[in-house]
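Asker: Add 1 to a position in the sequence shown, counting from 1, and you land on the number used in the numbering used here.
All residues carry an ideal CB built from backbone N, CA and C; glycine is no exception.
The structure is given below, and queries will be raised subsequently.
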Amino acid sequence: MPDPYSKSRQLLRRARRTLPGGVSSPFRARLPEPLYFADGEGARLRDVDGNEYIDYALAWGPLIFGHRHPNLVRALSAAAARPHNYGAQHELEPQVGEAIQQLVPCAERVALTSSGSEALQLAFRLARAHTGRPLVLKFEGHYHGWMDSALLSYKPSLEHAGPRQSPNVVLGSRGQVANSVENVVVARWNDIGALEALLGEFQQQVAAVVMEPVLCNSGCLMPRDGYLEAVRRACDREGALLIFDEVITGFRISPGGAQQAFSVTTDIATLGKALGGGVTISAVAGRARILDQLPRGEVAFGGTFNGNPLSLAATAECLRMIADKGGRAVAQANNAGGRLMDGISRSAARHGVDIVLTGFGAAFAIHFTDDPEIWDYRDTFRDDRARLELFLRLALNEGLYLLPDGRFYVSAVHTARDIDKSIDAIDRVLGRMADGEPS
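And the structure:
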């Protein structure tokens, strides 16, 4: 039987002679298959072998309007005919800043950056400078970028993670500066008692509490009812800032992000991915008293590509579409994803396959487990990874392109037909798994 991915495999072998592992980001060289793509439009992708897929990876999240949306193409085409970077000010900067202010509750000021990892570094520096305190409190399993000061206790093994109620601070990579652990404390997420105990232990030392308000990077886990509000109150009592890492939830769970969705206003939020609809862009939004440390020269920050016209042309149009008609596009994405979640759940029940779906319509994950609920990173260790890998391979063969951790991103341009076809495809996949398809 001919290999349906032969050209992708050939290109990967070629790329391995120049790129480490043959990819530009190691996360990409995983199941279901490191494919090479030739084109995409809307919610569809086509690889170099001519296979077409309904895309639920969406470039790991940014493509809230799918591939090659005509409005974004027009904005980028017009910008491409003009200077690509001034290294100075231009009108799109305040225009984008104002659009973010209108949507994001905490955005009294906005600093434009180029990547989520970079935005988190600035957020941490601002928080430490504003409070005069050294520590950042983060949560186990939450991802805040790959840099030394942030890549801590993201995916620790059980062997190294320590007690569940008081996790160890675990380095995420060889070569990471060992003393990074001295500047961070780690708590169990979704447990307000665990957070309050740590704040009490490190009283007057914690500059900020940072979290993914929905834990998208470790299984799309939702916060418990009232948890985010309780964290806000705990931060206020302790005098620590609250930072939401909204690189994923921003402009995806709602037009105003998790702050709007859960009615919790933070001191700082980091934004990215859906912010620009696919271009290179991120931002730090927050209270004026915190971000105004930058123009006073109290906190160092810079970047040649910050606020470049190409990225901001697409970002301005993307934000206009997000805000249009009261956020109808974001609601469409969440409604389409919700329908897909319902279809998968019904199919799993019909075939007797134990799964749990977590997250929200526009960003959710499938877990192969017989646990009824999943609330924190340690709960995901009971997932059956072999079953997930089989599911990913079978789904790819059915024309569904998913992320290697079982995550689904749904865009505003996934049509009812796309969702129907996906439900039918997943029904066939789960049926084969129920019938004992070998892994």
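#1: So what's residue 19 in DSSP terms, helix, strand or just coil?
#2: Where does residue 43 fall in DSSP's three states?
#3: Hey, could you find the ends of the beta strand (DSSP E) residue 287 is sitting in?
#4: Who are the Cβ neighbours of residue 47 in its own chain at under 8 Å, not counting the five residues just before and after it?
#5: Taking only three categories from DSSP, how would you classify residue 8?
#6: Is DSSP giving residue 269 helix, strand or coil here?
#7: Give every residue of the same chain whose Cβ lies closer than 8 Å to the Cβ of residue 79, excluding the five residues on either side of it in the sequence, and list them in chain order.
#8: For residue 445, which residues in the same chain have their Cβ closer than 8 Å to its Cβ, ignoring the five residues on either side in sequence?
#9: Identify the continuous beta strand (DSSP E) that holds residue 359 and give its terminal residues.
#10: Report all residues from its chain with a CB closer than 6 Å to the CB of residue 449; omit the five preceding and five following residues, and keep chain order.
#11: State the DSSP-derived secondary structure class of residue 175, mapped to helix, strand or coil.
#12: Relative to the C-alpha of residue 365, which residue among 62, 25 and 36 is closest?
#13: Just checking my contact of residue 285 with residue 114 at CB under 8 Å: how many whole Å lie between their CB atoms?
#14: Take residue 150 as the anchor and find which of 164, 129, 160 and 36 has the nearest alpha-carbon.
#15: What does DSSP give as the partner residues of residue 56 in its beta bridges?
#16: Can you name, in chain order, every residue of its own chain whose Cβ lies under 7 Å from the Cβ of residue 333, other than the five neighbours on each side?
#17: Rounded to the nearest angstrom, what separates residue 11 and residue 299 at their Cα positions?
#18: Can you list, in chain order, the residues of its chain with a C-beta nearer than 8 Å to that of residue 9? Leave out the 5 residues immediately preceding and following it.
#19: Short of 7 Å in beta carbon distance, which residues of its chain neighbour residue 399, apart from the five on each side in sequence? Order them along the chain.
#20: Is residue 322 helix, strand or coil when you go by DSSP?
#21: Exposed or buried, what is residue 218 when buried is set at 16 or more other beta-carbons lying within 10 Å of its beta-carbon?
#22: Quick one: measure Cβ to Cβ for residue 213 and residue 143, integer angstroms, because I've assumed they're closer than 8 Å.
#23: In chain order, which continuous runs of the beta strand (DSSP E) of length 3 or greater are located wholly inside the stretch 146-215?
#24: When we look at the beta-carbon of residue 271 and count the other beta-carbons within 10 Å, is it buried (16 or more) or exposed?
#25: Taking only three categories from DSSP, how would you classify residue 368?
#26: Whose CA, out of 352, 346, 268 and 43, lies closest to the CA of residue 436?
#27: Note down the Cα distance separating residue 167 from residue 182, rounded to an integer number of angstroms.
#28: Report all residues from its chain with a CB closer than 6 Å to the CB of residue 374; omit the five preceding and five following residues, and keep chain order.
#29: Would you list the one or two residues that DSSP bridges to residue 246?
#30: For residue 423, which three-state DSSP category applies?
#31: With a Cβ-Cβ cutoff of 7 Å, do residue 410 and residue 59 count as a contact?
#32: Can you give the Cα-Cα distance for residue 1 and residue 243, rounded to whole angstroms?
#33: Give the range of the alpha helix (DSSP H) segment to which residue 104 is assigned.
#34: Below 7 Å between beta carbons: does that hold for residue 369 and residue 380?
#35: Any idea which residues DSSP pairs residue 433 with across the strands?
Answerer: Once the coordinates are examined:
#1: Residue 19 sits at position 18 when you count from the first residue of the sequence shown. DSSP places residue 19 in coil when its eight states are reduced to three.
#2: Working through the sequence shown from its first residue, we reach residue 43 at position 42. The answer is strand: DSSP assigns residue 43 an E or B state.
#3: Taking the sequence shown and counting its residues from 1, the one referred to as residue 287 is at position 286. For residue 287, the enclosing beta strand (DSSP E) begins and ends at 283-287.
#4: On the sequence shown, position 46 is the one that residue 47 refers to. Only residues of its own chain outside the window of five on either side were considered, and among them 38, 39, 40, 41, 53 and 54 have a CB closer than 8 Å to the CB of residue 47, listed in chain order.
#5: Mapped onto the sequence shown, residue 8 falls at position 7. Here residue 8 sits in helix by DSSP.
#6: Along the sequence shown, one-based indexing puts residue 269 at 268. DSSP places residue 269 in strand when its eight states are reduced to three.
#7: Here residue 79 refers to the residue found at position 78 of the sequence shown. Once the five neighbours on either side are set aside, the close Cβ partners of residue 79 are 314.
#8: Given a span of 2 to 440 for the chain in the structure shown, any question on residue 445 remains unanswerable.
#9: If you number the sequence shown from 1, residue 359 lands on position 358. Looking at the DSSP string, the run of the beta strand (DSSP E) that includes residue 359 is 357-361.
#10: Residue 449 falls outside the range modelled here, since the chain spans only 2 to 440, and no answer is possible.
#11: Counted from its first residue, the sequence shown places residue 175 at position 174. Residue 175: coil per DSSP, three-state reduction.
#12: By one-based count along the sequence shown, residue 365 stands at place 364. Across the set 62, 25 and 36, the C-alpha of 62 shows the shortest separation from the C-alpha of residue 365.
#13: Residue numbering aside, residue 285 sits at position 284 when the sequence shown is read from its first letter. Residue numbering aside, residue 114 sits at position 113 when the sequence shown is read from its first letter. Contact between residue 285 and residue 114 holds: CB atoms are separated by about 7 Å, below the 8 Å threshold.
#14: Along the sequence shown, one-based indexing puts residue 150 at 149. Nearest of 164, 129, 160 and 36 to residue 150, Cα basis: 129.
#15: Along the sequence shown, one-based indexing puts residue 56 at 55. In the DSSP secondary-structure assignment, residue 56 is bridged to 402.
#16: Within the sequence shown, residue 333 is the residue found at index 332, counting from 1. The residues are 413.
#17: For the purposes of this step, residue 11 is identified with residue 10 of the sequence shown, where counting begins at 1. For the purposes of this step, residue 299 is identified with residue 298 of the sequence shown, where counting begins at 1. Each residue's alpha carbon lies about 52 Å from the other.
#18: In the sequence shown, residue 9 corresponds to position 8, counting from 1. Close CB contacts of residue 9 within its chain, under the 8 Å cut and outside five residues either way in sequence, are with 34, 35, 36, 37, 48, 49 and 50 (chain order).
#19: As a working note, residue 399 is residue 398 in the sequence shown. Contacts found: 426, 429 and 430.
#20: Position 321 of the sequence shown, counting from 1, holds the residue named residue 322. For residue 322, the three-state secondary structure derived from DSSP is helix.
#21: If you number the sequence shown from 1, residue 218 lands on position 217. Buried is the label assigned to residue 218, since at least 16 other Cβ atoms lie within 10 Å of its Cβ.
#22: Here residue 213 refers to the residue found at position 212 when the sequence shown is read from its first residue. Here residue 143 refers to the residue found at position 142 when the sequence shown is read from its first residue. 5 Å between Cβ atoms; contact.
#23: Whole beta strand (DSSP E) segments, 3+ residues: 185-188 and 207-212.
#24: Here residue 271 is taken as the residue at index 270 of the sequence shown, counted from 1. Buried.
#25: Within the sequence shown, the letter at position 367 stands for residue 368. Secondary structure of residue 368 (DSSP, three-state): strand.
#26: Start at 1 with the first residue of the sequence shown, and residue 436 comes out as number 435. In terms of CA proximity to residue 436, 352 leads the group 352, 346, 268 and 43.
#27: The count along the sequence shown starts at 1 and reaches residue 167 at position 166. The count along the sequence shown starts at 1 and reaches residue 182 at position 181. A direct Cα-to-Cα measurement between residue 167 and residue 182 gives close to 14 Å.
#28: In the sequence shown, counting from the first residue as 1, residue 374 sits at position 373. A distance below 6 Å between beta-carbons, with the five flanking residues on each side excluded, links residue 374 to no residue of its chain.
#29: For the purposes of this step, residue 246 is taken as residue 245 along the sequence shown, with counting starting at 1. Answer by DSSP bridge pairing, in chain order: 271.
#30: For the purposes of this step, residue 423 is taken as residue 422 along the sequence shown, with counting starting at 1. Under the three-state reduction of DSSP, residue 423 is assigned to helix.
#31: For the purposes of this step, residue 410 is taken as residue 409 along the sequence shown, with counting starting at 1. For the purposes of this step, residue 59 is taken as residue 58 along the sequence shown, with counting starting at 1. Result yes, Cβ atoms of residue 410 and residue 59 sit closer than 7 Å.
#32: Outside the displayed range of the chain (2 to 440) lies residue 1, so it cannot be described from this structure.
#33: Counting from one through the sequence shown, the residue named residue 104 turns up at place 103. Unbroken alpha helix (DSSP H) run through residue 104: 93-104.
#34: Taking the sequence shown and counting its residues from 1, one reaches residue 369 at position 368. Taking the sequence shown and counting its residues from 1, one reaches residue 380 at position 379. Pairing residue 369 with residue 380 gives a Cβ-Cβ distance that is not under 7 Å.
#35: Here residue 433 corresponds to residue number 432 of the sequence shown, with the count starting at 1. Per DSSP, none; premise fails for residue 433.
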